[in-house]
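Residue numbers (our numbering), protein chains in the order written: chain G, 29 to 358; chain R, 602 to 1093; chain B, 807 to 923; chain L, 12 to 508.
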Amino acid sequence: MSLAFIHISILCFLLVTVLAIVRMRDLLAVVMLLSIYSLLSACFFVVMDAVDVAFTEAAVGIGISTLLLLSTLALTKRFERPHRTEPVLALFLVLTTGALLVYGTLQMPPFGSASAPAHQHVAAYYIEQSFLDTGIANMVTSVLASYRGYDTLGELMVIFTAGIGVLALLELKTDTKVSRKTEIPAPMAAHHILRIVSKMLIPFILMFALYVQFHGDFGPGGGFQAGVIFSSAIVLYTMVFGLDAALKVISFAWLRFFAALGGLVFGATGVLALVSGKNFLDYHALAEDPIRAQHLGVLLVEVGVGITVAAVIILVFMSFTRQMAENGKA
Amino acid sequence: MNSQLPILLVIVPLLAAPLCLFIKKPTLVWLFASIVSVLALLFSLIILSQVWETGELVYSLGGWQAPIGIEYRIDLLNAYLSVIVAALACICLLAAYKSIGEEIKKGKQTLFYVTFLLCLAGMLGVVVTGDVFNLFVFMEIAALSSYVLIAMGKNRKALIASLTYLLVGTLGATFILIGIGLVYMLTGSLNMQDLSVLLLSAPQSNTLFTAFTFFFVGTCLKLALFPLHWWLPNAYTYAPSIVSVFLAATATKIAIYILLRVIFSLFGSEFSYHTLPLQNILMTLGLAGILVCSVIAIFQQDLKQIFAYSSVAQVAYMMLALGMNNISGLMATLLHLFNHALMKGALFLALACIMYRLKSVQLSDIAGLGWQMPWTMAAIVIAGFSLIGLPLTVGFISKWYMLLASFENAWQPIALVILFGSLLAAVYIWRIVEKAYFSPLTTNNQHIKEAPLALLVPTWLLVLANLYFGIDTRFSLSISLHTAQMLLGVAP
Amino acid sequence: MNILESFNYWIVMALMMCGLYIMIAQGNLIKKIVGLTIFQTSVFIFYISMAKVTGATAPIIKEGLELYSNPLPHVLILTAIVVGISTTALALALVIRIRQAYGTIEEDEIRAKDRLE
Amino acid sequence: MTYLSDISSLQLLVILPVFACLAMACTRKLKNACELMSIGTGLVLVLVTCQLWHNFSLANQVKVEWIELIPGLTLSLSLTPLGLLFALAASTLWLTTALYAIGYLRALQEHSQTRFYQFFALAMTAVMGIAFADNLLTLYVFYELLTLTTFPLVVHSGKETAVRGGRVYFAFLLFTSVLFFLLAIVGTWFIGGSLDFTPGGLLNRPIMNTGALSAASLLLPLFVLGIGKAAVFPFYQWLPAAMVAPTPVSALLHAVAVVKGGVFTLLKVCLYIFGTDVLVELPSQQFMLYLAGFSILFASFMALQQDNLKKRLAYSTISQLGYISMGALLANGSAILGASMHLVVHAFGKITLFFCAGAILVATNKTLISDMTGLGRQMPFTMVAFFIGSLTIIGLPPAAGLWSKWYLLQGAMTAEQWLLILVLAFSSILNIFYLLPIPIRAFFSPAAAITVKPPVNRVPTSMVLSIAFSSTVCLVLFFLPESLFQLAQAILIRSGQ
């Protein structure tokens, strides 16, 4: 019951946060609350045994989306203009939808019951067989990368699309290369402590990223989380030392290249199976011993995911920062 | 090789997209993309013929048997849709060379083609997959890429349109996601084939009802069924011309396909039509949509707006026919999927021609162009006739089946409304014709020349298709008949 | 009858509805996007709570454990989160462009400017 | 003597004008090319039709299927006496009008003549298609085609008035055909399970079996209103509106091709879709008859008030069409006979009148009847022709109108429609009032001596020739109507009377 108590209270916290967001006019505060919301939901996921999801939510919700929102705020304005009309229609729509959902819950399989149909059919197979099939302890990884690997390819392509989209939308009006020392805002570069600490931190972050990348088989983690962590290192570097310095480390052209590369690595893994007469993404084509084959396949795929995710996130962040540079110039 | 076709159909464009980034010159990228789309069309045609001969194809990805893994399960409906999408993509890319070269600046053209291929891959992925969650993922690929494509429009309104579309589209997708969740909760499976069996045996529960409703509302948001259509007109209007062509011809069709799957494959027509009042809902919304949107279209000044609203009206037609819940009605829907793609493709391509020469598609600006750009305007006229539903065009065939369906249900008044709707279409086509042919040539249109062949050829390909498939209807009729029988579970 | 059985879901529904409300009702584009994020996240929460089996542990094979929570929804949500963040990134990029084009990110002001044209 | 098999000549009649149109497009550079071509086409059409007539016999079925649009719905042509009758009249008059048009267009220096001739030819395709359509769908296709091809001719001048007139023309015809005609066709398909024109009536058996009389009697009004080209009462405005067109167009299309296409369709529907046995059973038949009667009287009264000659002729056309529709709806032997004869006779009479109107316009730029007093002295020939035409329309000897009206009256009597008999009689008197005064005042007006002016320019020979031809035919058909009569008889035999 204590566990139940914990997760109920988390849910209540979530509700409070959201209600606060509804009322709040200060967008900065809204963003902060949103990251708190993500943090809480991450905790909730942990309570619900979804460690991988929690990990990802933490990385994405608290890290990336907050970062992006903040930089957008920096480019737009902080306070929302209060509007007079109370939207009755919206309220009505929302309430009807809610009512519908609640109506739906009335005959749902009870929460947490092991006998619910959701846990019988396919899930049961995964729990019993996945280790024997793939030799991967972390079922989430095995399902993600092997059983439903194709979904992951799709997911990767979604990120890729987003990256391309951001690139297409936020291009420079002046097509000259970004190398204007003064305009690029790197105010933190002045703080010695920050510089030293971040310089010390970055290698560890990168190492941790690699650990997460390759440890996915045994514990929570995997290509996506690793990619996010990896990118966070670069992001930190950019924030502290400014865009120019970061661009010296890795240029847009390279980022584009890597973004494409990751997807292609994933694709190539699948096509490898194709050329050897097996179905797309059938890792058994990679080696005789099925377990090793699965391991190898998952490894390759995860690497692909990691590369693209890292590249795209850096790409998006940098294009946002570059816009700041534009505004600073303007 | 042949056994791999289903997956090749999707991954060829999907993986071609990142490859484009390694090509320097936009022209080469265009060439590459066109080749890819032609390949896709080829695959889809072969698949269609295979399905026609041997029945549905099954392809389990990763070698994992469904429902453990994801599978592609292609029956006539999937194949039919994939052909439509791939064919339109080919035509669009053919026309893109000139039009995009004109409307999008050099630096971005490569990105455009990448996004276009992603959009194509996403749509094909949606069409062929046999797994609901996989469907969601690929739907998102298609959706995200189409937001980007729309936002590439010159006018700043394109940005707003794109964002609105993004919000609505994501809302719809999330609704569908909720639906998927509920369905999974009830059955523990994500495979459509599996679900269709399990859901039939599943007890009638609120949850089932809620699940259906979320699927339905989500798809209706995406297919712009009448009251949920507000995002569509601007999206089509301010997008680059080619994008308007592609989306107008395919995007809503994909959503309709999803709806068909949900109604007939997942929940079964028995549940949808008899347990739920789906029939009345579709009929009411359909009728309202036809009348309201046709009337709105009449009062537009921007040609793209006119045809965008007419698209909403045409979607309403399909929903109306779907609401008839008989073979002829379903056939009409399926026929119109194809026919409407042809009409709207031709019309928006013609607009692309005008855009290329005039840099505008305002009704007031095309005065007297009938004699300056004879071929383009003739294309608009013929495709317009098809939209009205005059005989010997594809429009007539689908109209005919809609009328038949309403007679079979003894709903003659509705038949009257359908015909009245096509008269409204006649009115807005007529405004264009009169402007183009019977109003004096404005001074700044004096020097306007006919559009380049690179644009005219694809336009007229579609126009001729409008006539050809209106006269020789064996292809579309036989396929839609068999598909309808399959969906309704009637023995052929 | 355990109150948790539905209470859990009801809060999730409430979260969803708040997100939806923010998205529909609020005029500020960033706020809308925040609403969208909340809406999606609450759907994730819904999925994850669906996967929970009382007394089970995280779906990572260990000796001596046989009751695991359902891994499949976790996988789906991993994917969904990624899709979500991609959408958000794209939306924010659009917002930035809109701000540059219109000088505002308030819906009604933008509409007013469009009407002026 | 046959050079072509009937099948091929049937198709030739429909296809040839299209080729003529294309050929004109190719040779638009050459001077007079398209005049020659249209004359040539006209000649060929007439010859081929005559040949068809010559070796026509009820025994042999001439039928050709082109393509199956929808399972059970084919585009197909076949030769029926009624169709042959219509085709004969149409092709002859088309040739005459083509001749007339040359003179007319040249005299008035009309612009873009090539386009004119092209659409003129295409319209002929549509007419032939209507004449030989083997089922309702084919007929509908050509019916719409006729609307589309004649529209450019109506708005030929491109002036604001022309465009407005054209709008009314197109709107009415499209509106009726799409909203009612198509609906009726679907209904027929639904009840009858086919759309083929079957002797004795397609709906005859299903209705007699299932007793779906009420449904069928709903169909009849749909057909009568839907066939807007027949200009039955509520939907007649398009015909006066179409008078903005050049006179040859008004002459051929709005005295012959389009309107006759309409009533022809109505006849076809009554004979071969409903069948006379069913038609008389229908509750709605009576209403439709009265509607026709009303439009006869109404149009006659309207005609009386018109001062513009072409407008007056247009309204007279409407009332005459009423006769034919009435005959078709009466659905007994002599009524059908009268209707089908009137189809031809009225065509010749009315075209003569229009030709004269055009001649007057060319010669004196006069369009108003009030200005035409004393015109007889300047252009006696034209006025004599006009007189003959008027006699034909009214139905007085020595003009052929007598026969058709006689049979119509007889039909009305056999059906014991006393009210309609009164209508017929009264409207004939009205005809006298609105037609005869024109030639009479032209010749015998005392005031005329003062207002005599020399014609602005002389009437071209081609126009004179065609006027002479059409008016003589009116007389000839009076003195030896056998051939016409036999063909009309054949219709009855074919439709199982």
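Glycine included, each C-beta is placed from N, C-alpha and C at the ideal position.
Only counting the same chain, and skipping five residues up and downstream in sequence, which positions put a Cβ closer than 6 Å to that of residue i?
{"i": "L/Met12", "result": "Note that L/Met12 scores 45 on pLDDT, short of 50, meaning its location in the model is unreliable; the coordinates nonetheless yield the value given after this. The answer is none, since no qualifying residue turns up."}
{"i": "R/Cys894", "result": "Tyr910, Val913, Ala914"}
Under the rule that 16 or more other beta-carbon atoms within 10 Å means buried, what is residue i, buried or exposed?
{"i": "R/Val1058", "result": "exposed"}
{"i": "L/Ser16", "result": "exposed"}
{"i": "B/Met823", "result": "buried"}
{"i": "L/Thr384", "result": "buried"}
{"i": "G/Ala152", "result": "exposed"}
{"i": "B/Gly861", "result": "exposed"}
{"i": "L/Met254", "result": "buried"}
{"i": "R/Gly1151", "result": "Because chain R in this structure spans residues 602 to 1093, residue 1151 of chain R falls outside the shown range and cannot be described."}
{"i": "R/Phe986", "result": "buried"}
{"i": "R/Asp1073", "result": "exposed"}
{"i": "R/His1083", "result": "buried"}
{"i": "B/Gln846", "result": "buried"}
For the alpha helix (DSSP H) containing residue i, list its first residue and its last residue.
{"i": "L/Val484", "result": "472-490"}
{"i": "R/Ser763", "result": "758-788"}
{"i": "L/Leu283", "result": "Sequence check: residue 283 of chain L is Tyr here, not Leu. Unbroken run through L/Tyr283: none, as it is neither H nor E."}
{"i": "L/Phe127", "result": "124-143"}
{"i": "L/Arg505", "result": "493-505"}
{"i": "B/Thr863", "result": "Here B/Thr863 belongs to no alpha helix (DSSP H), and DSSP marks it neither H nor E."}
{"i": "L/Ser102", "result": "92-119"}
{"i": "G/Asp54", "result": "Looking at the DSSP string, G/Asp54 is not in any alpha helix (DSSP H), and its letter there is neither H nor E."}
{"i": "B/Arg921", "result": "913-922"}
What's the gap between the Cα of residue i and the Cα of residue j?
{"i": "L/Ala144", "j": "L/Pro92", "result": "12 Å"}
{"i": "L/Gln120", "j": "L/Ala268", "result": "25 Å"}
{"i": "L/Thr375", "j": "L/Ala266", "result": "23 Å"}
{"i": "R/Trp653", "j": "R/Ser683", "result": "14 Å"}
{"i": "G/Leu229", "j": "R/Leu642", "result": "52 Å"}
{"i": "R/Ile857", "j": "R/Lys823", "result": "9 Å"}
{"i": "G/Arg208", "j": "G/Leu343", "result": "Residue placement at G/Arg208 is poorly supported in this model, since its pLDDT is 48, which falls under 50; the coordinates are not used for a value here."}
{"i": "R/Gly930", "j": "R/Leu1017", "result": "15 Å"}
{"i": "L/Phe74", "j": "L/Leu95", "result": "Note that residue 74 of chain L is Lys in the sequence shown here, rather than Phe. When rounded, the distance between both Cα atoms is 13 Å."}
Which residues bound the beta strand (DSSP E) around residue i?
{"i": "R/Val659", "result": "658-661"}
{"i": "L/Lys74", "result": "74-81"}
{"i": "R/Glu672", "result": "672-675"}
{"i": "L/Leu86", "result": "84-89"}
Just to confirm my understanding: we take residue i, look at its own chain, exclude 5 residues before and 5 after, and list those with CB closer than 7 Å. What are they?
{"i": "R/Lys1036", "result": "Leu964, Ile967, Ala968"}
{"i": "G/Ala32", "result": "none"}
{"i": "L/Thr425", "result": "Asn343, Ser345"}
Here's a check: name, in chain order, each residue in its chain whose Cβ is nearer than 8 Å to the Cβ of residue i, leaving out the five neighbours to either side.
{"i": "G/Cys71", "result": "Ile38, Ala82"}
{"i": "R/Asn756", "result": "Tyr839"}
{"i": "G/Phe73", "result": "Val79, Val81, Ala82, Glu85"}
{"i": "R/Asp795", "result": "Ala667, Pro668, Thr788"}
| request: Please specify which runs of the alpha helix (DSSP H), each continuous and at least 4 residues long, are wholly inside the stretch 339-421 of chain L, giving them in chain order. | output: For the stretch 339-421 of chain L, the continuous alpha helix (DSSP H) assignments of 4+ residues that do not extend past its boundaries occur at 344-375, 386-389, 391-405, in sequence order.
| request: Could I get the ranges of all uninterrupted alpha helix (DSSP H) runs contained in the stretch 219-260 of chain G, with 4 residues as the minimum, in chain order? | output: Along the stretch 219-260 of chain G, the alpha helix (DSSP H) occurs as fully enclosed runs of 4 or more residues at 220-243, listed in sequence order.
| query | At what residue ranges does the stretch 194-253 of chain L contain a whole run of the alpha helix (DSSP H), taking only runs of 4 or more? | reply | 215-221, 224-237, 249-252
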